[in-house]
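Quick notes on the structure that follows.
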């Protein structure tokens with residue numbers, strides 16, 4: 001998917017919502033456990049309930065891997081089920097030497113047909129570039145994450161008085177254009193959001209940490225939005241586990257709807273003209 | 001496995017060799033392709049040919065994931081086949097927010113029963129600690145890697161005049177002891193090896209990059225060995241693809257044997273008394 005197509009979807013749906021498919025067998029409604037593939041069954045119902053309200057789905061790969069080969073199959077079926085006009089993100093946080101990153105790229109782009117993969121920057125250029133070989137596939141690079149541990153290294157100041165996450169954002173722009181590269185910027189780090197936007201004015205940011213982790217959607221939208229919106233705001237637990245009974249799909253839809261309506265308002269208010 | 005047990009194995013086998021099981025379906029001898037599970041078949045033969053010469057096996061998870069659910073099964077069978085007294089490393093380079101790292105830990109430690117996992121430090125403490133909950137399981141943290149991209153961020157100087165990899169080595173020692181924490185130090189970075197050893201005098205280092213990537217075994221051993229050896233030197237392609245015909249197992253054994261004999265010599269020469 002191209003950046004223009006993504007923006008078009010955002011405008012059409014008045015939404016920049018990404019639904020995180022962090023599907024945990026221990027948390028899904030118990031009446032689904034009798035299905036032959038409960039994880040896929042749950043995802044299918046969640047997708048049916050939210051597809052018109054969101055522009056992206058982000059399966060968290062750890063949740064599928066934890067199920068062994070069966071989890072891999074649930075993921076495969078989930079990807080095949082997601083409507084083709086919705087952007088897909090493999091939240092995998094991979095990154096390894098060139099020949100190994102190449103294989104991860106093959107897995108997520110060729111085998112599963114994801115549009116994008118989250119990648120950790122620590123190993124540098126040759127660990128990221130193998131994910132960039134197809135023009136319609138994206139790298140979403142970790143920059144400033146939403147967890148408390150983001151302070152340990154990402155906020156170290158370099159001798160050039162730049163934070164490590166700023167070095168990551170600047171250097172990585174030599175590797176790919178804004179048509180193939182996004183950044184992960186945690187919703188809990190709005191104190192740095194303007195600084196980040198100045199460094200990457202036209203890039204999309206994937207923003208986790210709204211909801212369960214405490215970030216504010218209004219603040220992110222006000223400080224982070226650019227002319228193509230430039231934001232994909234992820235919500236997982238708050239949507240997919242909004243309910244736990246037979247009406248869980250309705251509850252999920254209601255929460256997704258609530259976020260989409262808030263987003264419609266912010267698009268009206270903050271999208272630069 | 002404990003550090004003492006690992007050192008015992010090193011002394012007994014006169015080896016600190018780790019065999020990298022980077023098993024690529026495109027590179028294994030063609031006569032194996034008729035087997036029901038060619039990847040496991042290949043690993044089984046390699047393990048039989050090298051188990052008395054090495055103290056660790058390191059499957060590179062990317063190679064198994066690239067095969068989909070079948071690859072996951074090959075990995076499971078491989079882990080079950082490795083003799084229990086040999087240390088196992090899931091080379092996965094994971095690292096995510098707490099609840100997600102917890103799931104990765106469950107996958108590699110509970111599902112596959114690995115002894116250790118390689119972890120990327122970028123997301124900080126709460127992305128690493130979930131891998132440390134069992135006292136006999138290890139984190140092998142990326143510090144200074146063997147690839148060219150290691151220069152991009154790992155060698156950034158902080159305002160305290162420390163390299164990022166030094167910050168990683170120092171801070172992470174607050175999270176775990178030397179009984180549960182190792183570091184990845186690339187064999188191509190011998191220029192920094194003494195500096196690293198000074199920061200972590202008693203830790204084990206996992207050293208990739210000998211062979212195909214050009215690092216020198218003699219130099220690593222001379223500069224990096226501590227009283228418990230403190231080194232696991234990985235070799236993958238040079239051993240497992242030493243031959244490609246019907247005698248590939250013999251060829252692999254011969255190369256592993258050559259490295260083990262060199263290691264026996266360095267243990268004699270460089271192990272501090």
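Chains as they are written, first to last, in the UniProt record's numbering: chain P, 1 to 273; chain D, 1 to 273.
We put the beta carbon where it would ideally sit given N, CA and C, even for glycine.
Among the options, the one whose alpha carbon lies nearest that of residue i
i                      : options                   : result
residue 125 of chain P : P:262, P:99, P:146        : P:99
residue 221 of chain D : D:128, D:24, D:271, D:201 : D:271
residue 40 of chain D  : D:18, D:82, D:192         : D:82
residue 119 of chain P : P:27, P:132, P:22, P:110  : P:132
residue 128 of chain D : D:144, D:103, D:149       : D:103
residue 177 of chain P : P:135, P:185, P:25, P:149 : P:135
residue 80 of chain P  : P:92, P:110, P:62         : P:110
residue 233 of chain P : P:171, P:204, P:78        : P:204
residue 60 of chain D  : D:37, D:35, D:90, D:68    : D:90
residue 97 of chain P  : D:88, D:138, D:148        : D:148
residue 26 of chain P  : P:12, P:42, P:19, P:20    : P:42
residue 228 of chain P : P:202, P:31, P:241, P:269 : P:202
residue 19 of chain P  : P:207, P:269, P:218       : P:207
residue 273 of chain P : P:246, P:226, P:36, P:258 : P:226
residue 32 of chain P  : P:246, P:194, P:12        : P:246
residue 327 of chain D : D:34, D:8, D:12, D:62     : Outside the displayed span of chain D (1 to 273) sits residue 327 of chain D, for which this structure offers no information.
Cut-off 8 Å between Cβ atoms - residues of its own chain near residue i, not counting five sequence neighbours on either side
i                      : result
residue 173 of chain D : 181, 200
residue 253 of chain P : 49, 50, 53
residue 162 of chain P : 170
residue 156 of chain D : 163, 164
residue 35 of chain P  : 41
Contact belief for residue i with residue j at Cβ below 8 Å, rounded distance in angstroms
i                      : j                      : result
residue 274 of chain P : residue 236 of chain D : Nothing about residue 274 of chain P can be read from this structure; chain P reaches only from 1 to 273.
residue 16 of chain P  : residue 231 of chain P : 5 Å
residue 256 of chain D : residue 53 of chain D  : 4 Å
residue 158 of chain D : residue 150 of chain P : 16 Å between Cβ atoms; not a contact.
residue 94 of chain D  : residue 93 of chain P  : 7 Å
residue 218 of chain D : residue 266 of chain D : 7 Å
residue 3 of chain D   : residue 179 of chain D : 5 Å
residue 130 of chain D : residue 101 of chain D : 4 Å
Close beta carbons around residue i, own chain, < 7 Å, minus the five adjacent residues each side
i                     : result
residue 64 of chain D : 71, 72, 74, 75
residue 10 of chain P : 16, 55, 229
Distance CB(residue i)-CB(residue j) smaller than 8 Å
i                      : j                      : result
residue 140 of chain P : residue 116 of chain P : yes
residue 186 of chain P : residue 224 of chain P : no
residue 260 of chain D : residue 14 of chain D  : yes
residue 146 of chain P : residue 209 of chain P : yes
residue 240 of chain P : residue 78 of chain P  : no
residue 38 of chain P  : residue 28 of chain P  : yes
Contact set for residue i: own chain, Cβ-Cβ below 6 Å, skip 5 residues either direction
i                      : result
residue 168 of chain P : 121, 143
residue 358 of chain P : Residue 358 of chain P lies beyond the stretch modelled for chain P, which goes from 1 to 273, so this question has no answer here.
residue 165 of chain P : 143, 144, 154
residue 1 of chain D   : 87, 115
residue 123 of chain P : 95
residue 137 of chain D : 109
Q. Taking the runs of the alpha helix (DSSP H) that are 4 residues or longer, which of them lie wholly in the stretch 3 to 71 of chain D?
A. The stretch 3 to 71 of chain D contains these whole alpha helix (DSSP H) runs: 3 to 13, 38 to 50, 61 to 65.
Q | Contained beta strand (DSSP E) runs [length at least 3] in the stretch 159 to 241 of chain P, N- to C-terminal order | A | If only complete runs of 3 or more residues are kept, the stretch 159 to 241 of chain P shows the beta strand (DSSP E) at 181 to 185, 204 to 207, 231 to 235, in order along the chain.
Q. Whole beta strand (DSSP E) runs in the stretch 73 to 98 of chain D with 3 or more residues, listed along the chain?
A. If we require 3 residues or more, the beta strand (DSSP E) runs fully inside the stretch 73 to 98 of chain D come out as 87 to 94.
Q: Could I get the ranges of all uninterrupted beta strand (DSSP E) runs contained in the stretch 115 to 148 of chain P, with 3 residues as the minimum, in chain order?
A: Unbroken beta strand (DSSP E) stretches of 3 residues or longer found wholly inside the stretch 115 to 148 of chain P: 116 to 119, 138 to 144, given in chain order.
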